[in-house]
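Chemist: Protein chains in written order, with the numbering used here: chain W, -17 to 422; chain P, 410 to 856. Glycine is no exception: its CB is placed at the ideal position from the N, C-alpha and C atoms.
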Amino acid sequence: MAFEIPGQPYSGEIGETTVGTGSGAVKLGGENSYPFHLFEGKMPNPPKIAMEIWDYDPSEEWPAAAVEPFKDVISSPDAWAKKCVDEYGADMIVLQLKSTDPNGMDRGAEEAAEVAKKVSDAVDVPLILWGTANNQKDEEVLKKISELCEGKNLSLGPVEEGNHKGVGASALGYGHCIVSSSPIDVNLAKQLNILLGNLGVPLDKIIIDPTTGGLGYGMEYSYSVMERIGMAALTQEDEKLQAPMINNVGNEVWKCKEAGLGIEDAPTLGDPEKRPILMESVAAVCYLMAGSDVVILRHPETVRMTRAFIDLMIKGGMASDVQEISKRLEVKEADLVSMSPEPNLDFGEPEAAPKPKAARPEKKEAAPKPEKKEEKPAPEPQKKVEAEPVSEIEAVAKKLGINLEELFKRVGCDEEDIEHTAKKHGLTIEQTLKKLGGIK
Amino acid sequence: MGLTGIQIFKMLPKTNCGECGVPTCLAFAMNLASGKAELDACPYVSDEAREQLAEASAPPIRPVAIGAGTRAFKVGGETVLFRHEKTFYNPTALAAMVPSDMDSDALDTKLKEWNALQYERVGLNLRPELVALKDVNGDSGAFAALAKKIAEESEFGLVLVSDNLDAMKAAVDVCAFKKPLLYTATADNAEDMGNLAKEASLPLAVKADTIDDLIALSDKLAGMGLKDLVLDSGSREIRQLFEDQVAIRRAALKAGNKSLGFPTITFPCEMAGNLDAETLIASLLIAKYAGIVILSDFKGESMFPLLLERLNIFTDPQRPMTVTEGIYEIGGPDENSPILVTTNFSLTYFIVSGEIEGSRIPSWLLIMDTEGLSVMTAWAAGKFSGDVVGSFVKKCGIADKVAHKKIIIPGYAASISGEMEEELPDWEIMIGPRDASLIPKFLKDMG
Chain W
-17 MAFEIPGQPY SGEIGETTVG TGSGAVKLGG ENSYPFHLFE GKMPNPPKIA
33 MEIWDYDPSE EWPAAAVEPF KDVISSPDAW AKKCVDEYGA DMIVLQLKST
83 DPNGMDRGAE EAAEVAKKVS DAVDVPLILW GTANNQKDEE VLKKISELCE
133 GKNLSLGPVE EGNHKGVGAS ALGYGHCIVS SSPIDVNLAK QLNILLGNLG
183 VPLDKIIIDP TTGGLGYGME YSYSVMERIG MAALTQEDEK LQAPMINNVG
233 NEVWKCKEAG LGIEDAPTLG DPEKRPILME SVAAVCYLMA GSDVVILRHP
283 ETVRMTRAFI DLMIKGGMAS DVQEISKRLE VKEADLVSMS PEPNLDFGEP
333 EAAPKPKAAR PEKKEAAPKP EKKEEKPAPE PQKKVEAEPV SEIEAVAKKL
383 GINLEELFKR VGCDEEDIEH TAKKHGLTIE QTLKKLGGIK
Chain P
410 MGLTGIQIFK MLPKTNCGEC GVPTCLAFAM NLASGKAELD ACPYVSDEAR
460 EQLAEASAPP IRPVAIGAGT RAFKVGGETV LFRHEKTFYN PTALAAMVPS
510 DMDSDALDTK LKEWNALQYE RVGLNLRPEL VALKDVNGDS GAFAALAKKI
560 AEESEFGLVL VSDNLDAMKA AVDVCAFKKP LLYTATADNA EDMGNLAKEA
610 SLPLAVKADT IDDLIALSDK LAGMGLKDLV LDSGSREIRQ LFEDQVAIRR
660 AALKAGNKSL GFPTITFPCE MAGNLDAETL IASLLIAKYA GIVILSDFKG
710 ESMFPLLLER LNIFTDPQRP MTVTEGIYEI GGPDENSPIL VTTNFSLTYF
760 IVSGEIEGSR IPSWLLIMDT EGLSVMTAWA AGKFSGDVVG SFVKKCGIAD
810 KVAHKKIIIP GYAASISGEM EEELPDWEIM IGPRDASLIP KFLKDMG
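1) Three or more beta-carbon pairs under 8 Å between the region 205 to 212 of chain W and the region 476 to 496 of chain P, yes or no?
2) Out of curiosity, what's the CA-to-CA distance linking residue 593 (chain P) and residue 80 (chain W)?
3) In or out: residue 680 (chain P) buried (at least 16 other Cβ within 10 Å) or exposed?
4) Give a yes or no on contact between the region 512 to 523 of chain P and the region 572 to 580 of chain P, applying the rule of three or more CB pairs nearer than 8 Å.
5) Sorted by chain position, which residues of the same chain lie with C-beta nearer than 7 Å to residue 170 (chain W)'s C-beta, five sequence neighbours on each side aside?
6) From W:219, W:30 and W:-7, pick the residue whose C-alpha is nearest to that of residue 23 (chain W); which is it?
7) In the region 410 to 445 of chain P, which residue ranges form an unbroken beta strand (DSSP E) of at least 3 residues, counting only runs that do not cross its ends?
8) Kindly list, in the order they appear in chain P, the residues whose Cβ is closer than 7 Å to that of residue 260 (chain W).
9) Which stretch, first to last residue, makes up the beta strand (DSSP E) that contains residue 62 (chain W)?
10) What does the Cβ neighbour count give for residue 13 (chain W), buried or exposed, with the cut at 16 atoms within 10 Å?
11) Pick out the complete beta strand (DSSP E) segments inside the region 557 to 595 of chain P, 3 residues or longer, and give them in chain order.
12) Fully enclosed by the region 63 to 107 of chain W, which beta strand (DSSP E) runs are 3 residues long or longer?
13) Got a sec, what are the start and stop residues for the alpha helix (DSSP H) residue 55 (chain W) sits in?
14) Which chain A residues sit within Cβ distance under 7 Å of residue 311 (chain W)?
15) So what does DSSP say about residue 754 (chain P), is it helix, strand or coil?
16) For the alpha helix (DSSP H) that contains residue 236 (chain W), what are its first and last residues?
17) Any beta carbon of chain P sitting closer than 8 Å to that of residue 143 (chain W)?
18) With a threshold of 8 Å between beta carbons, is residue 843 (chain P) in contact with chain W?
19) Using DSSP with H/G/I as helix, E/B as strand and the rest coil, what is residue 657 (chain P)?
20) Hey, out of P:809, P:774, P:797 and P:791, whose CA is closest to residue 858 (chain P)'s CA?
21) Beta-carbon separation of residue 830 (chain P) and residue 815 (chain P) under 8 Å?
22) Can you tell me whether DSSP reads residue 210 (chain W) as helix, strand or coil?
23) Using the Cα positions of residue 507 (chain P) and residue 105 (chain W), report the straight-line distance between them to the nearest angstrom.
24) Within 10 angstroms of the Cβ of residue 329 (chain W), are there 16 or more other Cβ atoms? Answer buried if so, exposed if not.
25) Would you please verify whether the beta carbon of residue 5 (chain W) is less than 8 Å from any beta carbon of chain P?
26) Buried or exposed for residue 37 (chain W), going by 16 or more other Cβ atoms inside 10 Å?
27) Touching or not, the region 690 to 701 of chain P and the region 252 to 272 of chain W, by the rule of three or more beta carbon pairs under 8 Å?
28) State the start and end residues of the unbroken alpha helix (DSSP H) segment that holds residue 690 (chain P).
29) Out of P:675, P:543 and P:813, which has the shortest C-alpha to C-alpha gap to residue 647 (chain P)?
30) Could you pull out every residue in the same chain whose Cβ sits closer than 6 Å to the Cβ of residue 333 (chain W), ignoring the five residues on either side in sequence?
31) Taking the continuous beta strand (DSSP E) assigned at residue 737 (chain P), which residues delimit it?
32) Is the beta carbon of residue 100 (chain W) closer than 8 Å to that of residue 59 (chain W)?
33) Using 8 Å for Cβ pairs, my map puts residue 235 (chain W) next to residue 262 (chain W). What's the rounded Cβ distance?
34) Does the distance between the C-beta of residue 545 (chain P) and the nearest non-hydrogen atom of the ligand ATP fall short of 7 Å?
35) Locate the alpha helix (DSSP H) running through residue 131 (chain W), then write down its first and last residues.
36) With DSSP as the reference, please indicate the residues paired to residue 528 (chain P) in a beta bridge.
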């Protein structure tokens, strides 16, 4: 009998939310299976790519790689938005209202709304307004924008429990959508959509923002919450979660330290222009696989690569035509050979991996390795990486060249169990470990 | 599968000898039932019981060990489709491809460069594991020579890529000690490759063009007594490959399909024309079920993001990531530098230390063990109360490093300042911002 993929029964589907108006309107959501599981479902509206622009000139704060593609327009939000659409093919624009941050520039609502209006007039594609997650200020600013841009079917966010009434009512009144934002929690996401529903905001006017973690900075939390939201929506008929999701990816990735380090500061992190673009792309792919319907991105090359990824996932075909990232900045190559640590060539015990630290002697002066600064936290979960063994068991394991963590995982025990076993059989710790580690 | 821990327990010796590594037979039975242990760990189980249990206790996706020494690893052994259902256990292994006609010096340089790509994060050393050596011209001598070089002179494990049995034999002769993965058995050579892998006790990859053919081959090799297989469904198109990965994982976990109960191997290096595009494909494969991902090269700008993703995806969601309690120096602080205290949840640490670093104001950051809870949760759970934090500040030894007695606590824990003052009578407790992004401003305003 021919092989068949064991089926995943679905009992619900994601609703469709239409953003923007007229010929520029875009439909989001509508899928009836897990992300890209097209062998058992449909994605009538493939995920969209929004490009972010800021409402003030961020060239001082952004890494050079992010400024370069926009340097001619970066001080003019409307020209910037236009460039994203015309040149870089953005499906949507997100205007990050950074200047309104009460703890920063604290620009007033009137002024912010003028900028928003200009941007919304400059482009045809749907516009999303993204505040600073200060409930009070966002409410003030978003309401003003909502009023000034009546009927444009903008998307206003992030709307949280603290300001859902104010912004929700305004969006209803002036014909906009809501980005319903909750702190990485399925139940809170649902709760907020219920509250918005009580207010009269229908689900087809909502996009869920599950809160986006940066790559290496908590992405796994957002990723799993999104998979759980998708499951609840598609297999458990959780109607209040049957709305498309959006992820503010670019903003999170580009603000992390590693996105901005130069080649001198971080030679092992590779090309400082390509690195943040690939970090952004990798994060975008993860969020798409977790169920994102809109990824918000910053760099045009990330946009191009991510779009190619979506197209290939939907239509099939080889990726051989996807060009490599086109560089705009010069970079000199780092001399990795000179900073390569001596390899640890002890292959004696296949199971007993010696400590990585022991394998990295001398050559430290050869070149600065700045990302090592962050490693001082020699943090906890793996005790074995600590330089000094703290317990007898760790000391003995070190002596025997046994990788304790590996051993614990393999036999499903912990230090206490080993002590217990040793005591019970009148063995020394060394004998016990030898036995467990298969050492004669 | 299908047996419960109790059913398995009935067939065990019930002596609680502990030699399997867990104290009781019941605990061992539970581990067997959940696929966390292997029956071979019990030296006393009867042959009869062994037979009955062998099938039932085998994990649905076999863990396969590859490599030797510091970069040895296992792939497979997964028990769920979504990480939140439990956790993903064995991180996707990352490999770079080398052609067998590569100049030995050029390979030398590559191996050294690749060895430099190691990143310390949350106490882990993040780095790739494998080099895939591809026989490009049937020259057994050259193939074996490079295999030997990689095996002996680098930490990397090996995937030997050749359909030429002689080349494979020559390479196995010189690098079997490194436990390479042999790639690959196909319908044409399954018998020979199978015998080679079996004699040398090495894991063997299996390639077919459809899942049906893959099942047939896998069954054939299993029939020959091979246990450690790795599957290649043949597709080099991203959409089809994704479908295959889901199909194989689901079949093994949901339908108990033994023929597909093995980790997979994938080749982004054959799916795209450049490393950038390969990186995106690899990121899909790390999230969705590949055991091994083979790229055309390792470069920092590609490897670092992929290793971060792998760290995130394979983090155990049941256990918060933590950093070690202690005093952290940021930016080379001196005796007049400010002191901040917060919890040991790794995200809290990353964000707070990142903001302090961004402020360019050298500071002391005290990390207190709150069992991985964030500030608000730790405070609510009483693990970040004034007396506890106060006594930690006293004991940690920061007082010897500075010439002042001012300490900044997180804004969300403002209410503990009174209690802290009682514990630290001669200290000034300053309430910092609630949001870490305001720390730079706070520090600047202080100075």
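Modeler: Reading it off the structure:
1) yes
2) 54 Å
3) buried
4) no
5) 164
6) W:-7
7) none
8) 685, 688, 710, 711 and 714
9) Here residue 62 (chain W) belongs to no beta strand (DSSP E); instead the alpha helix (DSSP H) covers 59 to 68.
10) buried
11) 566 to 570 and 590 to 594
12) 74 to 78
13) Residue 55 (chain W) -> no alpha helix (DSSP H), and no H or E assigned at all.
14) No chain A is present in this structure, whose protein chains are W and P.
15) strand
16) 231 to 236
17) no
18) no
19) helix
20) In this structure chain P extends from 410 to 856, so residue 858 (chain P) is not present and cannot be described.
21) no
22) helix
23) 48 Å
24) buried
25) no
26) buried
27) yes
28) 684 to 696
29) P:675
30) Residue placement at residue 333 (chain W) cannot be trusted, given a pLDDT of 45 that sits under 50; what the coordinates show is reported in the next sentence. If we look at residue 333 (chain W) and ignore the five residues flanking it on each side, it has no Cβ neighbours.
31) 735 to 739
32) yes
33) 5 Å
34) Of the ligands one can find in the structure shown there are none, so the ligand ATP has no counterpart to examine.
35) Residue 131 (chain W) -> no alpha helix (DSSP H), and no H or E assigned at all.
36) P:535
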